[in-house]
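To start, the structure under review is shown below, and the notes come after it.
Protein chains in written order, with this note's numbering: chain Y, 26 to 575; chain U, 723 to 1272.
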């Protein structure tokens, strides 16, 4: 049965399918007094996002439900899955649709105050000009067309990897299905990588599931966790600001989103007391069962300290929460004194009291770090302490989709098993990897520095990941004008920025933020010279905007 | 202890508890306690746990200091998503797991009455030795490592295709995310392919959604369709026998599966009378909204006549059903007099009364036909007459998963835009394509012929697709023995076949069949010489099995 349309106060307030867009927002308003601040915020922001920019869905005319009786279509917005309607994904939302439209207009010769659209909305490294790692692509070319194995243009280590991967494939072809959990030799390589990364903490290939990007693994785990009805419905704790995959997946699954706020004043750090507050509030209306952490943070760019991770693990153990650690930016750590610690490693260093009880799924991907190979949709998850019966169910569930894309699996293998010292490709590999990471570090610094020179913009250091999430102070008049237009103020701001400068950013409301604060997320991925232009345009725009609305 | 007694009582009489909010202690939930309790909340727990008759003991007996129940884990079979437990996917089910185990044992030198396991459980062409199409793999290698574009070993048409695809990718790299709906250029090529295939019926690239294999798109469409509660819950009509992706996706979504039976005695044809029967029966308890058709049939291998498709469309129009046409085997038609007709084409030939009204989604994939590139997870769906507001919701929904794997999109582009007669790769391409399809036709004929010689096996002609689905007579004594073991009789048969002969086929019960009939599905994909051995072994086994249990 469909589990959505639930509110915190009275889950069965209204049958979800009969809530028209208008009455739904009424329900949201009515929900505010009792709902925890986090819940209110998320719901409000979601509503606002959907009202911003060109609407994704045409508004239903009044009396639609009457028309529906005679409706021509089997499938309409009134009769479709109501959980899907609640899904929002700002990273590719209205502002990006508008950016694509503007690009088309530019091509058609429409006059604009800028000559190109700079998209800093999504962590898409190659689209921003980052070059692929040569070794990875050589191996992938040979896997695609094994005749190239006879070509002496390719180094021996690349050939060796290609042969090894092909031997792991059915009929030695990447065109064969793999095992549903992923190619066994790739899972073995992943396990070895995890062990090396975590200073020897053992990893079992049977606990590795290859995935179609990390998103797929995260959604699958959430799906397993969702159960119950009404007050026993599964709640999942996510950070605010969050990466909107989480809110989208929870909406789709009809699970209850439990918000905990990161501390912007302390560099977006995570306080256990805030976790405790959020959990206590949520327990009144749902059954919180999982806690999601993104480290390094997206969109917030913080890198968690070892101590913080320990505290979170202790909290999860005490409160009996399933931990989900989104660690796709594990190589993207730039700030001095910061270091990536995997949840798995810290968990095992805390001793058997924790390492033998706390259930953990951690996620990684080929899309970020120094390789940025988003298009291949490669990734893995490692499950720790998962009930063997549940694991069997997980394996069954992933088997329905047959297997993750095999080229992505091959790429994942290269990421976890790159050229080693002594191999012919090693020096090129290390040079390329270093160049990308140090350039990202430079851009992270540059972004923070320049944005912080703008009065009315305050930005935390980008310790890691690929984004800056600065806070923007918006004049009261601008807020009013946005509200008159039915837009979130930061959506109004970003839309205007796009129209006037061609710069595409995502408003903070798409990620969630404390009431009354406004932000945007921008990637640090444009090449340095372009990034400088982008930042100076943002600076000019912001000053202009402030003047205009003061 | 009171709680434990309560639990045991509930365990003993699971049906006395209805799903919903069951709370002990006046609504004050005790963690751990509530987790254990929810095991009793599923309606018929025992039916849902075929492989584990007892919930894990430890989850019920582990006590905390204060004497409360304290299950070991947050996520257990009893507390996980109950819909997932109902998912079954026989094609990769227990029989395949056993086959893999046997393979391992053989490798370890364990003596068996056979030297290799022949897997005919899944339509995985490359794993069965089919060679990829040279042109496709050349282009994919060029896309993976564009430096090869300067290499004179690749034909010009392959280079052109690669350049064209790369230009359509962000930053000229298949490592960039594509638009969520798929690369625009590929969608345009898909549209042109459909127009050609359907004799000029127009196709709009905006109606094309690229997908991660066909499975992804089918599950996505079903997800959009599911709504309502109780008697208004969405019902979806699927053929029996069916491809178990459908039943699995419906279970996952909590939708109602409505079975309509194909007519085995009439070459697995689809009779509208049976559709009507199934629909009327279903209307008593759910809201049937969609009708799924697989043509050419999986697992049944029939190719639908034009007339039959027209009848189905008329039925869908009359009964207001959303049509889903799974046409992934569209190039796999072998029988003389049979021809593939797409639902789209027939729909448009029936005139505007239908072509402007009937909502249709049709699905295609890179995994079958002559290319058999399962590992790339390429595919597309075309939607016709979809409500624009729903289409916006669909676009939003797919954006959460970012994009289908780009190498799969590139491959799909090649499938819909293969070498043309005036291009250098044309003759090789045609030779390879014809060879694969001719070999498949030969194997289809051979399979039917040999199986029909076995007393007690009866098999319809394999008109298309990649499978034979013969009916087998299982002796009464064998049926009884199977029942004693708690196995479906055809599962017992297939397991014995696997253990004695090393042959892996999937029991008919995994696809659905008329009560009291038994089948298995085998692919026709093993190379001809291996297929002959395979069929001879099936024959020998069936005779032995029949004698043993007579």
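Using N, Cα and C, we set each Cβ at its ideal position, and we do this for glycine too. Keep in mind the model is a prediction, meaning the values are calculated, not measured.
Inset, instruction - Have a look at residue 852 of chain U and residue 196 of chain Y and give me their C-alpha separation to the nearest angstrom. - result: Whole-angstrom Cα-Cα distance: 8 Å.
Inset, instruction - For residue 925 of chain U, go through chain Y and note every residue whose CB falls closer than 8 Å to its CB, in chain order. - result: Going along chain Y, no residue has its Cβ under 8 Å from residue 925 of chain U, so there is no contact; the nearest lies around 20 Å.
Inset, instruction - Please list the partners that residue 945 of chain U has in chain Y, where partner means a Cβ-to-Cβ separation under 7 Å. - result: Ordered by position in chain Y, the residues that pass the 7 Å Cβ test against residue 945 of chain U are 106, 109.
Inset, instruction - Would you list, in sequence order, the uninterrupted alpha helix (DSSP H) runs of no fewer than 4 residues that lie entirely inside the stretch 798–867 of chain U? - result: Runs found: 804–808, 816–829, 856–866.
Inset, instruction - Given a cut-off of 8 Å, decide if residue 1046 of chain U and residue 943 of chain U are closer than it, judged by their beta-carbon atoms. - result: Yes, the pair counts as a contact, with Cβ atoms nearer than the cut-off.
Legend entry - Exposed unless 16 or more other CB atoms sit within 10 angstroms - verdict on residue 411 of chain Y: Within a 10 Å sphere around the beta-carbon of residue 411 of chain Y sit 16 or more other beta-carbons, which makes this residue buried.
Legend entry - chain U contact for residue 46 of chain Y (CB, 8 Å cutoff): Any reading at residue 46 of chain Y is ruled out, since the residue's pLDDT is 37, under 50, leaving its predicted position unreliable.
Inset, instruction - Determine the DSSP secondary structure at residue 1006 of chain U, reduced to helix, strand or coil. - result: Note: residue 1006 of chain U maps to coil in three-state DSSP.
Inset, instruction - Using a Cβ-Cβ cut-off of less than 7 Å, list which residues of the stretch 144–168 of chain Y approach chain U; keep chain order. - result: Listed in sequence order: 147, 149, 151, 152, 153, 154, 157, 162, 163, 165, 166.
Legend entry - Beta-ladder partner(s) of residue 1260 of chain U, from DSSP: The partner list for residue 1260 of chain U (beta bridge, DSSP) is empty, contrary to what the question assumes.
Legend entry - Three-way DSSP call (helix, strand, coil) for residue 1198 of chain U in this model: It is helical.
Inset, instruction - Could you please give me the residues that DSSP links to residue 1101 of chain U through a beta bridge? - result: Bridge partners of residue 1101 of chain U: U:933, U:1087.
Legend entry - Proximity of residue 280 of chain Y and residue 316 of chain Y at Cβ, strictly below 8 Å: It is not a contact, given that the beta carbons lie outside the stated cut-off.
Legend entry - Secondary structure of residue 406 of chain Y, DSSP reduced to three states: Residue 406 of chain Y falls in the strand class under three-state DSSP.
Legend entry - Residue from Y:559, Y:339, Y:403, Y:186 whose Cα sits closest to the Cα of residue 442 of chain Y: Nearest to residue 442 of chain Y by alpha-carbon distance, out of Y:559, Y:339, Y:403, Y:186, is Y:186.
Legend entry - Partners in chain Y for residue 935 of chain U, counting only beta-carbon separations shorter than 8 Å: Per Cβ cutoff of 8 Å: 426, 427.
Inset, instruction - Starting from residue 282 of chain Y, trace the beta strand (DSSP E) both ways and give me its first and last residue. - result: Run containing residue 282 of chain Y: 281–286, per the beta strand (DSSP E) assignment.
Inset, instruction - With 8 Å as the threshold, decide whether the Cβ of residue 1097 of chain U is near any Cβ in chain Y. - result: Yes, because at least one Cβ of chain Y sits closer than 8 Å to the Cβ of residue 1097 of chain U.
Inset, instruction - Following the continuous alpha helix (DSSP H) through residue 1035 of chain U, name the residue where it begins and the one where it ends. - result: Bounds of the alpha helix (DSSP H) holding residue 1035 of chain U are 1028–1041.
Inset, instruction - Taking only the alpha-carbon atoms, compute the straight-line gap between residue 1236 of chain U and residue 985 of chain U and give it to the nearest angstrom. - result: Roughly 10 Å separates the two Cα atoms.
Inset, instruction - Answer yes or no: does any C-beta atom of chain Y fall closer than 8 Å to that of residue 893 of chain U? - result: Yes - at least one Cβ of chain Y is within 8 Å of the one on residue 893 of chain U.
Inset, instruction - Would you mind telling me which residues of chain U sit closer than 7 Å to residue 317 of chain Y, beta carbon to beta carbon, in chain order? - result: By Cβ distance, chain U contributes nothing, its closest Cβ being about 13 Å from residue 317 of chain Y, past 7 Å.
Inset, instruction - May I ask you to list the residues that DSSP assigns as paired with residue 268 of chain Y? - result: Paired residues: none, contrary to the question.
Legend entry - residue 150 of chain Y, DSSP secondary structure in three states: Looking at residue 150 of chain Y - three-state DSSP - the assignment turns out to be coil, as it is neither helix nor strand.
Legend entry - Which of helix, strand or coil DSSP assigns to residue 567 of chain Y: It is helical.
Legend entry - Neighbour list for residue 938 of chain U in chain Y, Cβ cutoff strictly below 8 Å: What residue 938 of chain U touches in chain Y, judged by beta-carbon distance under 8 Å, is 426, going in chain order.
Inset, instruction - Output, in chain order, the set of chain Y residues within a Cβ distance shorter than 7 Å of residue 806 of chain U. - result: Chain-order list of chain Y residues neighbouring residue 806 of chain U: 248, 249, 418, 422, by C-beta distance under 7 Å.
Inset, instruction - Establish whether the CB of residue 890 of chain U and some CB of chain Y are separated by less than 8 Å. - result: No, residue 890 of chain U lies away from the interface with chain Y (no Cβ there is under 8 Å from its Cβ).
Inset, instruction - Give a yes or no on whether 8 Å exceeds the smallest Cβ distance from residue 98 of chain Y to chain U. - result: With 8 Å as the cut-off, residue 98 of chain Y counts as an interface residue toward chain U.
Inset, instruction - Output the boundary residues of the beta strand (DSSP E) element that contains residue 956 of chain U. - result: For residue 956 of chain U, the enclosing beta strand (DSSP E) covers residues 956–962.
Legend entry - Straight-line gap, residue 350 of chain Y to residue 855 of chain U (C-alpha atoms, nearest Å): Cα to Cα, residue 350 of chain Y sits roughly 41 Å from residue 855 of chain U.
Inset, instruction - Tell me where the beta strand (DSSP E) around residue 1044 of chain U begins and ends. - result: Run containing residue 1044 of chain U: 1044–1048, per the beta strand (DSSP E) assignment.
Inset, instruction - Using a Cβ cut-off of 8 Å (strictly closer), state whether residue 1109 of chain U contacts chain Y. - result: Yes, because at least one Cβ of chain Y sits closer than 8 Å to the Cβ of residue 1109 of chain U.
Inset, instruction - Could you tell me the boundaries of the beta strand (DSSP E) in which residue 17 of chain Y lies? - result: Summary: the structure shown does not reach residue 17 of chain Y, with chain Y confined to residues 26 through 575, and so no result is reported for it.
Legend entry - Test: residue 981 of chain U CB closer than 8 Å to a CB of chain Y: It does not; no Cβ of chain Y falls within 8 Å.
Legend entry - Stretch pair the stretch 452–466 of chain Y + the stretch 1147–1167 of chain U: three plus CB contacts closer than 8 Å: Here the stretch 452–466 of chain Y does not lie against the stretch 1147–1167 of chain U, with fewer than 3 beta-carbon pairs under 8 Å apart.
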